[in-house]
Structures are given as C-alpha cells and as structure tokens.
Amino acid sequence: MTRMSTVRLQITERAGKHRGEVLFSLHQFITEELLMESYNSLNKNSSAGMDGEDWYEYGNNTRERIPELMRRFKAGEYKAPMIRKAYIPKGDGSYRPLGIPTIEDKVLQASVRTVMEPIYEVDFKGFSYGFRPGRSAHQALKYLFKEVSFNRIRYIIDANLQNYFESINHGLLREFLGRRVNDGVIRKMVDKWLKAGILEYGQLTYPKEGTPQGGVISPLLSNIYLHYVLDEWFAEQIQPLLSGRSFIVRYADDFILGFEKKEDAMQVMKVLPKRFEKYKLNLHPDKTKVVDLFTAFGQGDRSFDFLGFTHYIGKSRNGTPILKRKTSRKKLNKAVKQTEEWIKRNRHKKLKELITELNVKLTGHYSYYGITFNSRGINRFYEAVKRILHVWLNRRGGKPIWNWEKFCSLIYDWIPLKSSKIYHSFV
C-alpha cells in the first residue's frame, strides 16, 4: 500500500470517528515519502510555472529538493511562489482564467490535499460529484436521470454562478476550514496560497478573493466553500420545509435543483440569490431560470443544459415520461470547429497517420458524449467530421481526387474512420 493510501485511510478513520469536530496535528502526515509520491502523481506534461521548470527538470534533483521542501514547510519558511496566469478559450467565445503554479508548489499542494481531502470526504454530500475521488460527470448525469425520471420532478432551477472561482471570499473560506481543520502549519500554508501573487500581462497583483483555477488544491477549497454555502443549506434547511419531492445535483460550481411542485421551485428561486449574496457570490441574472419540463411547445423553456448535454423530457419504450439528453448545441459546435481546425493543420500528413490520429479524437468525444439517448448527437458529430475530412483531403494541393465514392471506400474499407458508439448505457 502506498503512503498516500495509508494517509487517506488513517485520516478518514479519524474524521469519521470525530465527525463534526475540529482536527489537529495533521501536518505530521506530510513526509518526504508523501511529497515524493505527490511529485510522481503530477501530470508529467503540465505547463511550467513562473520559474520555467517542468516536471522532468524538477525530478533531476529530488533527493535534495524534497527534504528541503519538507523542512521549509514544517518550519513555516516556505513562501508560495507567484502564479502565472493564462487564459483558455470557452465554447461561448469567452476565456477561462487559469493559474499555473510551479512544479514544486504543485507537489506541496498535492500533499496537503492528500491530508485534507479525506476529512471532507466524510462530510461532503452524496449529490456532489465534481473533483472528488472515485466520482465522475457520468455518475452525476445518472443521478440526475434517476431523480427526474422516477420522482415526478417537473420544475428545474437552472442556475449559473458568475465568476465563482474568482469570487470565493477568503475570510469566509477560512471560517469554513476552521470547522474541521485547525492545524497551524497547514492553515498558514493555505493562507499563503490564497495570497500568492498573480502575474498577468507583466502586472503583479495580490488577490483579495478567489482561488485560481489550475492550482492542485483549488478544486478542494472550492468544493468546501459550496458544501457549506449550498449543499448543507439546501439538504438540511430547505428540503425539510418543502411540500413536494426535490433534489440537488452538483458538479463543481455547476448545479441543478429539481422540484415536484411549482410553489416549492418558486419559493427556492426567491431565496437562492439572497443565500449566495450572503456569502459574496452572485447568480448570473440572464442564465438563471425556472424550467417547466412539461410546458407546452413554444410556451417557455422546457429543457436545460448540464455537463455538456441538453436535458429534456421524452418517452421510454413503454410510453413513460423520462429524462433524455443530447449533446448541447454549444458543445457540438465547439467540438466540430476544433476538429476542423485540427484537420486543416494536419492535412499534409500521410493518410494512415492522419486518420489514425483523428480516430483518437473521435474516440475521446464518444467516450464522453456516447451515453444513453445521445446516439443521434454523437452521430451528428461523426457525420460533420466525415464531411470536413472530405473537403480538406481535396485541398491538399493539386486538383481534387477524392470523389465521394472513393472517399467512402477510404473511410469504410481502406483506413476506417471511427464510427459513433455508445460507451455509457443506463436507463
């Protein structure tokens, strides 16, 4: 058994035994062995931080650097290095900010996360799925399907938080952490990460709120915040007051609330913005709404998007209303556009190499979107890619040589193009 596994088991046992109580003396679990395992667990191809050092370069001298890192951490001498800020494109044309720590900082963050995570895994609710060990988006989708289909759920609150990760209040987060973790060494280290300088376009700033996306420990901190702000509040204070059935499912900062009765949905919709405002968060006014899944066509929203899918009410084989899904238009368009750009950049490659690499991309798409009721969605993607490939093969220079019949022989017989496939089946 690895050191990581042993630490998790020991802390899980302690957290379960002292459920709801504050835990002390946790930094003793962080050892050189754990730091080394944390280093080995990192993505070897992840981007370098401010020091320009990648995973391989850091590994050249771990015999000396790991013990020194542990010494500075335990003595309180470790200073969180500046974070390099980058931006990655989103499907709607906007950009998502991404903070990139140094490799050494990732090592320490991963080790602290290993110690803190089992404590909160004891406390976290079963309907929370994002950034948790052993949980996935597909499990969240399955949970959503069962709750709506089998519990007469008709009304959905489709909510959207504005700039969640950059809006987390540091003072409130410290208060939440203090309910379970009161180890001075670890708490001071978390404070240093929250205050770490961020370099963006040559400008250095020090954040007063937020946890930068990209940090190893940031997903855990963001889950802790919403656990107290949303999960506990809805499950323990709101649901007991409702007259009908209800549910919540959350994946990171994306969440869906479902209700059997309209009056319950409208009442929660009134108090939800106030709840978030109390904790310095805001719902997006244009993207938060109540959806009636059974509304008549053309008389209002009757579908909602969650985790890349558009969800709507359809009928099972025996005519029973159930929740169905399809790839959301935004995600499908984005996937097609990105694949077209890739084909355009790589059309010069030999046919076998080009199609083999393209098949990897198709498989990746099917492995996520290939889910019950979405066969049409993934087939639309396949057909779009097929047409794009045909166009660009005829733009490889010289006159077009790939008529449709010859092209079909290529992708069906000579070098087969990966056809759509359902990978996740559940009803």
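When the letters of the sequence shown are read in order and numbered with the numbering used here, they come out as residues -13 to 413. Yeah, the Cβ is synthetic: ideal placement off N, Cα and C, and Gly gets one too.
Any idea what DSSP makes of residue i, helix, strand or coil?
i	result
PRO307	strand
LYS71	strand
PRO53	helix
SER232	strand
ARG118	coil
GLU63	coil
ASN155	strand
HIS297	strand
ILE329	helix
LYS132	helix
SER33	coil
GLY85	strand
LEU258	helix
HIS270	coil
HIS410	strand
THR(-12)	coil
THR17	coil
ILE139	coil
THR281	coil
LEU9	strand
LEU94	helix
Check each candidate in the options and name the one with the smallest Cα separation from residue i.
i	options	result
ARG99	LEU28, GLU161, LEU158	LEU28
VAL89	LEU55, PHE110, PRO83	Going by the sequence as given, residue 89 is Ile instead of Val. Taking only the C-alpha atoms, the option nearest ILE89 is LEU55.
GLY300	ILE242, ALA61, TYR25, LYS312	LYS312
PHE15	PHE59, SER229, ASN46	PHE59
GLY244	LEU20, ILE224, GLU50, GLY200	ILE224
ILE364	LEU163, PRO386, TYR409	TYR409
ARG138	PRO53, LYS317, THR191, ASP278	ASP278
SER237	ALA282, SER11, ALA126, ASP144	Correcting the residue type first, residue 237 is Tyr in the shown sequence and not Ser. Of the candidates ALA282, SER11, ALA126, ASP144, the one whose C-alpha sits nearest the C-alpha of TYR237 is ALA126.
ARG(-6)	ASN360, MET102, ILE69	MET102
ILE341	VAL93, LYS316, LEU379	LEU379
ILE401	GLU246, LEU337, PRO75	LEU337
TYR25	ALA66, GLU63, LEU94	LEU94
GLY286	LEU396, SER11, TYR298, LEU293	TYR298
TYR211	ASN168, TYR106, ARG288	TYR106
TYR355	LEU293, TYR398, ALA370	LEU293
ARG166	HIS351, SER11, PHE367	SER11
MET36	PRO67, HIS270, ALA370	PRO67
ARG70	PRO83, TYR64, LEU267, ARG366	PRO83
ASP177	PRO259, LEU159, THR191	LEU159
Using a Cβ-Cβ cut-off of 8 Å (strictly less than) and excluding sequence neighbours within five positions of residue i, which residues of its own chain qualify?
i	result
ILE374	VAL322, THR325, GLU326, ILE329
LYS110	Checking the sequence, you will find Phe at residue 110 rather than Lys. Around PHE110: ARG118, ASN209, HIS213, ASP217.
ASP498	Because residue 498 is not part of the residues shown, which for the chain are -13 to 413, the question remains open.
HIS334	ARG382
SER229	LYS247, GLU249, ASP250
Can you give me the Cβ contacts of residue i inside the same chain, cut-off strictly under 6 Å, excluding the 5 residues immediately before and after it?
i	result
SER33	ILE86
ILE308	SER135, SER302
LEU163	none
ASP239	LEU147, TYR150
Would you say residue i lies against chain D (beta-carbon separation less than 8 Å)?
i	result
HIS410	Protein chain content of the structure displayed is limited to a single chain, and chain D is not contained in it.
Say yes only if the C-beta of residue i is nearer than 7 Å to one or more non-hydrogen atoms of the ligand ADP, and no if none qualify.
i	result
GLY2	Although the ligand ADP was asked about, the structure shown includes no ligands whatsoever.
Which residues in the same chain as residue i place their Cβ atom closer than 7 Å to its Cβ, once the five residues preceding and following it in sequence are excluded?
i	result
PRO104	ARG(-6), ILE(-3), THR(-2), ALA1
ALA251	TYR141, ILE143, PHE245, VAL276
**Message:** Quick test of the definition: if touching needs 3 or more C-beta pairs under 8 Å, does the region 168 to 177 touch the region 97 to 113?
**Reply:** yes
**Contact between the region 368 to 384 and the region 329 to 339 (3+ Cβ pairs under 8 Å)** = yes
**Prompt:** Is it true that the region 194 to 207 meets the region 175 to 183, where meeting means three or more beta-carbon pairs spaced less than 8 Å apart?
**Reply:** yes
**Message:** Taking contact to mean 3 or more Cβ pairs, one atom from each stretch, closer than 8 Å, check whether the region 113 to 120 and the region 2 to 16 are in contact.
**Reply:** no
**Prompt:** Pairing CB atoms from the region 37 to 47 with CB atoms from the region 153 to 167, are three or more of them under 8 Å?
**Reply:** no
**Item:** Sequence ranges, alpha helix (DSSP H) only - wholly within the region 193 to 246, length at least 4
**Value:** 204 to 212
**Asked** Okay, do the region 140 to 149 and the region 266 to 281 touch, 3+ Cβ pairs below 8 Å being the bar?
**Response** yes
**Message:** Threshold first: 4 residues or longer. Then list the alpha helix (DSSP H) segments lying entirely within the region 310 to 388, N to C.
**Reply:** 315 to 332, 337 to 355, 361 to 379
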